[in-house]
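Read the structure below first, then the notes.
Residue numbers (the UniProt record's numbering): 1 to 413.
Structure (structure tokens):
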């Protein structure tokens with residue numbers, strides 16, 4: 001079993017190396033043209049000897065890449081030295097990355113000018129193009145990227161007296177962030193490519209096995225088809241179960257409305273819409289008055305009935321576009337899109353009156369349930385925390401003033 005796993009891993013790595021060779025054909029050739037263009041652009045701006053030396057070094061590296069591609073293409077996927085082939089690609093692309101990163105030192109003009117920004121564009125172009133070709137084997141791309149970006153960062157930190165500290169910090173931060181983003185994309189691309197190759201290998205193996213099995217015994221084929229149907233049915237059941245779990249993960253188990261996690265997601269979406277389209281929205285945070293007393297006097301079962309009935313009454317008083325959920329305990333949160341403070345206060349007052357006049361528990365018609373309401377409307381400077389803090393403060397004031405009332409706080413208060 002262990003030898004079989006090693007054989008499959010070797011075949012997979014060989015497939016990755018061969019795929020890398022196919023992708024490298026065009027990029028290695030284009031790199032020579034890019035090297036010539038960079039040398040031509042800098043020809044009258046810096047000393048020519050460094051340009052010539054850098055161009056010779058980079059051309060030699062590209063020739064090494066092309067030669068390695070030819071060797072990789074002629075090798076069988078079963079070759080035992082596939083690790084050596086992969087490691088040679090890592091070394092070559094580290095040398096390639098060092099060459100690209102060296103343009104900051106070798107072709108330095110000593111000021112922020114067109115050539116300074118041109119080099120940024122060249123680096124972005126090489127790392128982006130290489131992402132498509134090299135990320136099939138993650139260590140190969142990381143060797144290229146980190147060696148290149150490492151030299152670039154060293155240059156920005158130590159060889160740029162013409163930059164202000166603010167400019168230097170901005171360039172270094174941008175470089176680091178860009179590198180991290182590329183690493184994340186490369187990791188995802190490598191993983192997806194590896195999975196695709198594994199699936200292709202599995203598919204090919206399954207086809208061969210299916211053909212051989214069909215020739216040997218028709219009954220075995222029928223059995224495999226039956227197993228395939230069972231697997232499909234199991235997957236359908238699993239998908240249905242996963243969908244149910246996703247719903248439960250975002251739904252309050254008692255009341256059936258959105259839970260706190262789902263409400264936070266809704267708040268984030270509303271803030272995105274607000275900042276993009278200036279669609280104002282408001283919050284109503286309500287808390288059932290003396291809920292602990294209801295639990296203590298009538299029991300937790302009655303308390304649960306009150307929570308469910310309160311949920312139903314509040315939902316009945318909201319619009320279809322509004323969102324309502326259980327924030328925690330006996331607290332509920334209503335999100336009102338396209339609603340200003342005055343409209344939200346009017347809505348909260350309707351909800352308050354409706355709740356106070358309702359008999360929520362059929363077996364206890366005399367049980368009166370009220371709630372306190374805190375209302376807040378978003379502003380440009382708000383975050384989820386500040387907006388919720390304002391709603392919570394308004395709710396606290398409503399309780400301090402005697403409960404069964406509404407209090408609204410604007411961003412200016």
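Don't be surprised by glycine CBs; every beta carbon is placed ideally from N, CA and C.
Residue from the options with nearest C-alpha to residue i
i	options	result
residue 195	15, 387, 393 and 392	15
residue 200	397, 291, 11 and 393	11
residue 402	392, 317 and 290	290
residue 274	129, 153 and 380	380
residue 129	145, 139 and 162	145
residue 44	386, 107, 202 and 61	107
residue 134	190, 302, 202 and 103	190
residue 98	49, 330, 58 and 165	58
residue 33	308, 62, 207 and 202	62
residue 91	142, 219, 256 and 123	142
residue 122	399, 208 and 39	39
residue 27	304, 69 and 344	69
residue 262	296, 132, 327 and 83	327
residue 254	184, 369 and 325	325
residue 170	153, 265 and 405	153
residue 317	295, 286, 351 and 307	351
residue 285	369, 110 and 323	323
residue 161	111, 187 and 203	111
residue 382	312, 406, 369 and 268	268
residue 344	281, 35 and 312	281
residue 389	370, 333, 292 and 56	333
residue 22	132, 216 and 198	132
residue 83	298, 164, 18 and 339	18
residue 163	184, 113 and 314	113
residue 315	292, 60 and 335	335
Delimiting residues of the beta strand (DSSP E) encompassing residue i
i	result
residue 334	331 to 337
residue 281	281 to 288
residue 373	371 to 377
residue 408	406 to 409
Sheet register partners of residue i (DSSP bridge)
i	result
residue 325	258 and 333
residue 251	258
First and last residue of the uninterrupted alpha helix (DSSP H) at residue i
i	result
residue 127	114 to 134
residue 365	Segment: none, residue 365 is in no alpha helix (DSSP H) and carries neither H nor E.
residue 43	Careful: residue 43 lies outside any alpha helix (DSSP H) and carries neither H nor E.
residue 162	Careful: residue 162 lies outside any alpha helix (DSSP H) and carries neither H nor E.
residue 89	82 to 101
residue 314	300 to 316
residue 390	384 to 400
residue 150	138 to 158
residue 354	341 to 356
Presumed contact (8 Å Cβ cut-off) between residue i and residue j, rounded CB distance
i	j	result
residue 411	residue 373	No, residue 411 and residue 373 are not in contact; Cβ-Cβ is about 18 Å, not under 8 Å.
residue 89	residue 137	7 Å
residue 96	residue 48	That pair is no contact at about 23 Å.
residue 302	residue 361	6 Å
residue 213	residue 207	Actually they are not in contact, since the Cβ atoms of residue 213 and residue 207 sit about 11 Å apart, beyond 8 Å.
residue 175	residue 156	7 Å
residue 355	residue 283	About 17 Å separates the two Cβ atoms, so there is no contact after all.
residue 376	residue 288	Going by Cβ atoms, the distance from residue 376 to residue 288 rounds to 19 Å, so no, they are not a contact pair.
residue 270	residue 165	That belief does not hold up - the Cβ atoms of residue 270 and residue 165 are roughly 39 Å apart, past 8 Å.
Exposure of residue i, with buried meaning 16 or more beta-carbon neighbours within 10 Å
i	result
residue 42	buried
residue 227	exposed
residue 409	buried
residue 149	buried
residue 77	For residue 77, the predicted structure reports a pLDDT of 49, less than 50, and the residue's modelled location is therefore unreliable. A value from the coordinates is still provided. Residue 77 should be labelled exposed.
residue 398	buried
residue 181	exposed
residue 239	exposed
residue 330	buried
residue 420	Residue 420 lies beyond the residue range present for the chain, which begins at 1 and ends at 413; the question has no answer from this structure.
residue 124	exposed
residue 151	buried
residue 296	exposed
residue 67	exposed
residue 158	exposed
residue 395	buried
residue 101	buried
residue 404	buried
residue 24	buried
residue 305	buried
residue 400	exposed
residue 103	buried
residue 31	buried
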